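Okay, so here's the structure we're looking at.
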(Lines of atoms letter the chains of each structure in order from A and count residues from 1; the text may use other names and numbers.)
(Lines give C-alpha, C1' and ligand atoms only; values in the text may rest on other atoms or scores of the structure.)
Protein backbone atom coordinates (compact mmCIF):
# COMPACT_ATOMS: atom_id res chain seq x y z
CA UNK A 1 0.00 0.00 0.00
CA UNK A 2 1.19 3.50 -0.81
CA UNK A 3 -0.05 6.81 0.62
CA UNK A 4 1.15 10.41 0.57
CA UNK A 5 4.11 10.84 2.99
CA UNK A 6 3.36 12.39 6.37
CA UNK A 7 6.40 14.72 6.35
CA UNK A 8 5.09 18.25 5.86
CA UNK A 9 7.61 19.52 3.29
CA UNK A 10 7.64 16.32 1.26
CA UNK A 11 3.85 16.01 1.33
CA UNK A 12 3.31 19.58 0.10
CA UNK A 13 5.82 19.12 -2.71
CA UNK A 14 4.14 15.90 -3.85
CA UNK A 15 0.70 17.49 -3.80
CA UNK A 16 1.87 20.56 -5.75
CA UNK A 17 3.59 18.41 -8.35
CA UNK A 18 0.61 16.14 -8.98
CA UNK A 19 2.76 13.15 -8.09
CA UNK A 20 0.09 10.63 -7.12
CA UNK A 21 -2.42 11.40 -9.91
CA UNK A 22 0.44 10.87 -12.38
CA UNK A 23 1.33 7.51 -10.86
CA UNK A 24 -2.30 6.41 -10.72
CA UNK A 25 -2.67 7.21 -14.43
CA UNK A 26 0.40 5.11 -15.26
CA UNK A 27 -0.74 2.08 -13.27
CA UNK A 28 -4.41 2.32 -14.23
CA UNK A 29 -4.29 3.43 -17.87
CA UNK A 30 -0.83 2.96 -19.41
CA UNK A 31 0.90 -0.11 -17.97
CA UNK A 32 -2.10 -2.44 -18.54
CA UNK A 33 -2.16 -1.44 -22.22
CA UNK A 34 1.55 -2.12 -22.55
CA UNK A 35 1.10 -5.51 -20.89
CA UNK A 36 -1.71 -6.43 -23.28
CA UNK A 37 0.40 -5.44 -26.27
CA UNK A 38 3.31 -7.58 -25.11
CA UNK A 39 1.00 -10.51 -24.40
CA UNK A 40 -0.39 -10.19 -27.92
CA UNK A 41 3.05 -11.05 -29.33
CA UNK A 42 3.51 -13.97 -26.95
CA UNK A 43 5.60 -12.06 -24.41
CA UNK A 44 4.10 -12.57 -20.92
CA UNK A 45 6.72 -10.34 -19.28
CA UNK A 46 5.63 -8.43 -16.19
CA UNK A 47 7.24 -5.01 -15.94
CA UNK A 48 5.83 -3.80 -12.62
CA UNK A 49 3.81 -5.11 -9.66
CA UNK A 50 0.07 -5.21 -10.30
CA UNK A 51 -1.83 -2.27 -8.84
CA UNK A 52 -5.02 -3.76 -7.42
CA UNK A 53 -6.76 -0.65 -6.09
CA UNK A 54 -6.55 3.16 -6.27
CA UNK A 55 -8.57 5.88 -4.55
CA UNK A 56 -8.52 9.60 -3.79
CA UNK A 57 -11.11 9.45 -1.00
CA UNK A 58 -10.55 10.14 1.86
CA UNK A 59 -6.88 10.35 0.83
CA UNK A 60 -4.84 9.25 -2.15
CA UNK A 61 -3.82 5.61 -1.92
CA UNK A 62 -2.53 2.85 -4.20
CA UNK A 63 -2.63 -0.84 -3.27
CA UNK A 64 -0.25 -3.32 -4.92
CA UNK A 65 0.20 -7.06 -5.02
CA UNK A 66 2.69 -8.38 -2.47
CA UNK A 67 5.60 -9.40 -4.68
CA UNK A 68 7.68 -10.48 -1.69
CA UNK A 69 5.43 -13.54 -1.51
CA UNK A 70 6.67 -14.43 -5.00
CA UNK A 71 10.31 -14.22 -3.95
CA UNK A 72 11.18 -10.66 -5.02
CA UNK A 73 13.62 -8.77 -2.82
CA UNK A 74 15.51 -5.51 -2.63
CA UNK A 75 19.26 -5.31 -3.18
CA UNK A 76 21.75 -3.24 -1.21
CA UNK A 77 21.47 0.24 -2.72
CA UNK A 78 24.90 1.19 -1.32
CA UNK A 79 26.71 -1.37 -3.49
CA UNK A 80 25.09 -0.77 -6.88
CA UNK A 81 24.08 -3.28 -9.53
CA UNK A 82 26.35 -5.83 -11.17
CA UNK A 83 26.51 -6.72 -14.87
CA UNK A 84 23.76 -9.34 -14.79
CA UNK A 85 21.37 -7.19 -12.77
CA UNK A 86 21.97 -4.16 -14.99
CA UNK A 87 21.22 -6.03 -18.22
CA UNK A 88 18.03 -7.45 -16.75
CA UNK A 89 16.82 -3.95 -15.86
CA UNK A 90 17.75 -2.66 -19.32
CA UNK A 91 15.76 -5.52 -20.85
CA UNK A 92 12.66 -4.51 -18.88
CA UNK A 93 13.18 -0.83 -19.70
CA UNK A 94 13.50 -1.60 -23.41
CA UNK A 95 10.19 -3.48 -23.39
CA UNK A 96 8.48 -0.75 -21.36
CA UNK A 97 9.77 1.86 -23.79
CA UNK A 98 8.81 -0.12 -26.90
CA UNK A 99 5.30 -0.85 -25.65
CA UNK A 100 4.76 2.77 -24.66
CA UNK A 101 5.78 4.01 -28.11
CA UNK A 102 3.09 1.82 -29.67
CA UNK A 103 0.50 2.89 -27.08
CA UNK A 104 1.25 6.54 -27.84
CA UNK A 105 0.96 5.90 -31.56
CA UNK A 106 -2.47 4.33 -31.03
CA UNK A 107 -3.78 6.80 -28.44
CA UNK A 108 -1.66 9.91 -27.76
CA UNK A 109 -4.13 11.27 -25.21
CA UNK A 110 -3.41 8.46 -22.75
CA UNK A 111 0.05 9.97 -22.21
CA UNK A 112 -1.31 13.41 -21.32
CA UNK A 113 -0.68 13.00 -17.54
CA UNK A 114 3.03 12.30 -18.15
CA UNK A 115 3.89 14.92 -20.74
CA UNK A 116 5.53 17.35 -18.30
CA UNK A 117 9.01 16.49 -17.06
CA UNK A 118 10.29 16.50 -13.49
CA UNK A 119 12.37 19.63 -14.13
CA UNK A 120 10.21 22.35 -15.64
CA UNK A 121 9.59 26.08 -15.82
CA UNK A 122 6.05 25.52 -14.49
CA UNK A 123 5.75 28.10 -11.66
CA UNK A 124 3.60 25.74 -9.60
CA UNK A 125 6.35 23.09 -9.47
CA UNK A 126 9.37 25.13 -8.39
CA UNK A 127 9.36 23.87 -4.78
CA UNK A 128 10.40 20.44 -6.01
CA UNK A 129 13.38 21.86 -7.89
CA UNK A 130 15.03 23.24 -4.74
CA UNK A 131 16.41 19.72 -4.28
CA UNK A 132 18.53 19.92 -7.45
CA UNK A 133 19.92 23.34 -6.50
CA UNK A 134 20.81 22.13 -3.01
CA UNK A 135 22.66 19.12 -4.38
CA UNK A 136 24.63 21.21 -6.88
CA UNK A 137 25.53 23.67 -4.13
CA UNK A 138 26.70 20.85 -1.86
CA UNK A 139 28.91 19.38 -4.59
CA UNK A 140 30.54 22.79 -5.12
CA UNK A 141 31.24 23.06 -1.38
CA UNK A 142 32.69 19.57 -1.35
CA UNK A 143 35.03 20.21 -4.29
CA UNK A 144 36.14 23.47 -2.66
CA UNK A 145 37.02 21.57 0.51
CA UNK A 146 39.44 19.32 -1.37
CA UNK A 147 41.80 22.22 -2.16
CA UNK A 148 43.05 20.09 -5.03
CA UNK A 149 44.66 22.09 -7.88
CA UNK A 150 43.85 19.33 -10.37
CA UNK A 151 40.14 20.15 -9.92
CA UNK A 152 40.51 23.94 -10.07
CA UNK A 153 39.36 24.20 -13.70
CA UNK A 154 36.31 22.03 -13.03
CA UNK A 155 35.55 23.96 -9.84
CA UNK A 156 35.58 27.18 -11.84
CA UNK A 157 33.02 25.70 -14.25
CA UNK A 158 30.65 24.30 -11.61
CA UNK A 159 30.65 27.25 -9.19
CA UNK A 160 27.61 28.72 -10.93
CA UNK A 161 25.89 25.36 -11.40
CA UNK A 162 23.43 25.91 -8.51
CA UNK A 163 22.08 28.83 -10.56
CA UNK A 164 22.06 27.06 -13.93
CA UNK A 165 21.20 23.47 -13.05
CA UNK A 166 17.45 24.00 -13.48
CA UNK A 167 17.87 25.54 -16.94
CA UNK A 168 20.13 22.64 -17.94
CA UNK A 169 17.62 20.20 -16.50
CA UNK A 170 14.81 21.81 -18.48
CA UNK A 171 16.80 21.13 -21.65
CA UNK A 172 16.89 17.43 -20.71
CA UNK A 173 13.09 17.45 -20.49
CA UNK A 174 12.51 19.49 -23.65
CA UNK A 175 10.77 16.90 -25.80
CA UNK A 176 11.65 16.75 -29.48
CA UNK A 177 8.59 15.34 -31.23
CA UNK A 178 10.67 14.66 -34.34
CA UNK A 179 12.63 11.89 -32.60
CA UNK A 180 11.71 8.60 -30.92
CA UNK A 181 9.97 9.17 -27.57
CA UNK A 182 8.86 6.74 -24.87
CA UNK A 183 7.33 6.52 -21.42
CA UNK A 184 10.27 6.98 -19.08
CA UNK A 185 9.98 5.56 -15.59
CA UNK A 186 12.25 8.51 -14.70
CA UNK A 187 13.25 7.24 -11.27
CA UNK A 188 14.95 3.93 -12.04
CA UNK A 189 17.31 3.21 -9.17
CA UNK A 190 18.01 0.38 -6.77
CA UNK A 191 15.29 1.29 -4.27
CA UNK A 192 12.65 1.18 -7.02
CA UNK A 193 13.66 -2.29 -8.18
CA UNK A 194 13.01 -5.75 -6.75
CA UNK A 195 14.85 -8.82 -8.02
CA UNK A 196 13.93 -12.49 -7.88
CA UNK A 197 16.41 -15.35 -7.69
CA UNK A 198 15.90 -19.05 -8.27
CA UNK A 199 17.31 -21.07 -5.37
CA UNK A 200 18.77 -17.79 -4.05
CA UNK A 201 21.51 -18.01 -6.69
CA UNK A 202 20.26 -17.63 -10.28
CA UNK A 203 18.87 -14.21 -11.18
CA UNK A 204 15.41 -14.74 -12.63
CA UNK A 205 13.49 -11.46 -12.88
CA UNK A 206 13.19 -7.82 -11.86
CA UNK A 207 10.16 -5.57 -11.38
CA UNK A 208 10.09 -1.77 -11.53
CA UNK A 209 7.85 0.30 -9.28
CA UNK A 210 7.21 3.93 -8.25
CA UNK A 211 6.12 5.86 -11.35
CA UNK A 212 5.71 9.18 -9.54
CA UNK A 213 7.96 11.03 -12.00
CA UNK A 214 6.97 9.14 -15.16
CA UNK A 215 7.60 11.21 -18.27
CA UNK A 216 7.01 10.80 -21.99
CA UNK A 217 10.15 11.87 -23.80
CA UNK A 218 13.63 10.80 -24.86
CA UNK A 219 14.77 7.32 -23.75
CA UNK A 220 18.03 9.04 -22.85
CA UNK A 221 16.33 10.25 -19.67
CA UNK A 222 16.00 6.74 -18.24
CA UNK A 223 19.29 5.48 -19.63
CA UNK A 224 21.40 8.30 -18.22
CA UNK A 225 19.77 8.29 -14.81
CA UNK A 226 19.78 4.53 -14.33
CA UNK A 227 23.26 3.76 -15.62
CA UNK A 228 24.89 6.63 -13.70
CA UNK A 229 22.91 6.33 -10.49
CA UNK A 230 22.51 2.60 -9.84
CA UNK A 231 25.28 0.64 -11.56
CA UNK A 232 28.63 -0.12 -9.96
CA UNK A 233 31.18 2.41 -11.20
CA UNK A 234 33.64 -0.07 -12.69
CA UNK A 235 30.84 -2.08 -14.32
CA UNK A 236 29.37 0.99 -16.00
CA UNK A 237 32.73 2.21 -17.27
CA UNK A 238 33.72 -1.17 -18.70
CA UNK A 239 30.37 -2.06 -20.27
CA UNK A 240 28.79 1.30 -21.19
CA UNK A 241 28.73 0.73 -24.95
CA UNK A 242 27.62 -2.86 -24.46
CA UNK A 243 24.73 -1.67 -22.27
CA UNK A 244 23.50 0.81 -24.87
CA UNK A 245 23.71 -1.79 -27.65
CA UNK A 246 21.92 -4.39 -25.52
CA UNK A 247 19.10 -1.96 -24.73
CA UNK A 248 18.81 -1.03 -28.41
CA UNK A 249 18.69 -4.69 -29.48
CA UNK A 250 15.79 -5.52 -27.15
CA UNK A 251 14.02 -2.26 -27.99
CA UNK A 252 14.12 -2.76 -31.76
CA UNK A 253 13.24 -6.46 -31.56
CA UNK A 254 10.17 -5.60 -29.50
CA UNK A 255 9.14 -2.70 -31.74
CA UNK A 256 9.29 -4.93 -34.81
CA UNK A 257 7.27 -7.68 -33.16
CA UNK A 258 4.67 -5.08 -32.15
CA UNK A 259 4.63 -3.83 -35.76
CA UNK A 260 5.46 -0.29 -34.74
CA UNK A 261 4.86 1.85 -37.81
CA UNK A 262 7.03 4.80 -36.82
CA UNK A 263 10.72 5.19 -37.48
CA UNK A 264 12.60 2.60 -35.44
CA UNK A 265 15.67 4.30 -33.92
CA UNK A 266 19.10 3.13 -34.99
CA UNK A 267 21.81 2.43 -32.44
CA UNK A 268 23.36 5.75 -33.41
CA UNK A 269 20.03 7.49 -32.76
CA UNK A 270 20.01 6.13 -29.21
CA UNK A 271 23.58 7.28 -28.63
CA UNK A 272 22.64 10.75 -29.86
CA UNK A 273 19.72 10.90 -27.42
CA UNK A 274 21.90 9.73 -24.55
CA UNK A 275 24.35 12.54 -25.32
CA UNK A 276 21.59 15.13 -25.86
CA UNK A 277 20.06 14.37 -22.47
CA UNK A 278 23.44 13.76 -20.88
CA UNK A 279 23.06 16.36 -18.15
CA UNK A 280 20.69 13.91 -16.47
CA UNK A 281 23.83 11.89 -15.71
CA UNK A 282 24.96 14.86 -13.64
CA UNK A 283 21.62 14.87 -11.83
CA UNK A 284 22.06 11.17 -11.05
CA UNK A 285 25.57 11.54 -9.62
CA UNK A 286 24.94 14.83 -7.78
CA UNK A 287 21.44 14.15 -6.45
CA UNK A 288 20.78 10.41 -6.39
CA UNK A 289 24.10 8.72 -5.60
CA UNK A 290 24.77 10.51 -2.30
CA UNK A 291 21.40 9.35 -0.97
CA UNK A 292 21.76 5.87 -2.45
CA UNK A 293 25.16 5.35 -0.85
CA UNK A 294 24.45 6.67 2.64
CA UNK A 295 24.47 4.21 5.50
CA UNK A 296 21.19 2.73 6.69
CA UNK A 297 21.83 4.11 10.16
CA UNK A 298 21.76 7.71 8.91
CA UNK A 299 18.64 9.81 9.18
CA UNK A 300 17.07 9.48 5.73
CA UNK A 301 14.24 11.96 6.22
CA UNK A 302 13.92 14.08 3.06
CA UNK A 303 12.29 16.82 5.13
CA UNK A 304 15.61 17.28 6.96
CA UNK A 305 17.59 17.20 3.70
CA UNK A 306 15.43 19.98 2.23
CA UNK A 307 15.63 22.28 5.24
CA UNK A 308 17.49 25.58 4.92
CA UNK A 309 18.73 25.21 8.48
CA UNK A 310 21.80 24.18 10.44
CA UNK A 311 20.36 20.68 10.77
CA UNK A 312 19.73 20.47 7.03
CA UNK A 313 23.20 21.77 6.19
CA UNK A 314 24.84 19.29 8.57
CA UNK A 315 22.80 16.41 7.16
CA UNK A 316 23.73 17.25 3.57
CA UNK A 317 27.42 17.66 4.45
CA UNK A 318 27.40 14.28 6.17
CA UNK A 319 25.83 12.53 3.19
CA UNK A 320 28.05 14.11 0.52
CA UNK A 321 31.31 13.51 2.42
CA UNK A 322 30.74 9.74 2.39
CA UNK A 323 34.20 8.22 1.68
CA UNK A 324 32.60 5.73 -0.72
CA UNK A 325 30.90 8.50 -2.71
CA UNK A 326 33.82 10.93 -3.06
CA UNK A 327 36.00 8.76 -5.37
CA UNK A 328 33.03 8.14 -7.65
CA UNK A 329 32.26 11.86 -7.74
CA UNK A 330 35.87 12.71 -8.59
CA UNK A 331 35.85 10.31 -11.51
CA UNK A 332 32.44 11.52 -12.68
CA UNK A 333 33.46 15.19 -12.56
CA UNK A 334 36.35 14.52 -14.94
CA UNK A 335 34.13 12.47 -17.25
CA UNK A 336 31.34 15.06 -17.30
CA UNK A 337 33.85 17.83 -17.96
CA UNK A 338 35.23 15.97 -20.98
CA UNK A 339 31.67 15.47 -22.25
CA UNK A 340 31.02 19.21 -22.01
CA UNK A 341 28.20 19.01 -19.47
CA UNK A 342 29.63 21.91 -17.43
CA UNK A 343 30.27 24.22 -20.40
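Numbering (full-length UniProt numbering), first residue to last: 1 to 343. Beta carbons are placed, not taken as given, at the ideal position from N, Cα and C, and that holds for glycine. Quick caveat, the model's predicted, so the values are computed rather than measured.
Under the three-state reduction of DSSP output, residue 329 falls in the helix class. Secondary structure note for residue 320: its alpha helix (DSSP H) is the uninterrupted segment 310 to 320. In this structure the stretch 108 to 115 does not touch the stretch 265 to 272; the number of beta carbon pairs closer than 8 Å is below three. With respect to the 8 Å criterion, residue 264 and residue 252 are classified as neighbours on the basis of their beta carbons. Along the stretch 249 to 291, the alpha helix (DSSP H) occurs as fully enclosed runs of 4 or more residues at 267 to 276 and 279 to 283, listed in sequence order. Collapsing the DSSP output to three states places residue 211 in coil.
Inclusion of residue 339 and residue 262 in the CB contact set at 8 Å is not warranted, their separation being larger than that value. Residue 196 places its beta carbon less than 8 Å from that of residue 70. Here the stretch 219 to 229 lies against the stretch 177 to 191, with 3 or more beta-carbon pairs under 8 Å apart.
For residue 304, the uninterrupted alpha helix (DSSP H) run begins and ends at 302 to 305, by DSSP. DSSP places residue 64 in the uninterrupted beta strand (DSSP E) bounded by 61 to 64.
The Cβ neighbour count for residue 222, taken over all protein chains shown within 10 Å, is at least 16; the residue is labelled buried. If you check the CB distance, residue 169 and residue 119 come in under 8 Å. For residue 194, the secondary structure class from DSSP, reduced to helix, strand or coil, is strand. Beta-bridge annotation (DSSP): residue 184 is paired with 215.
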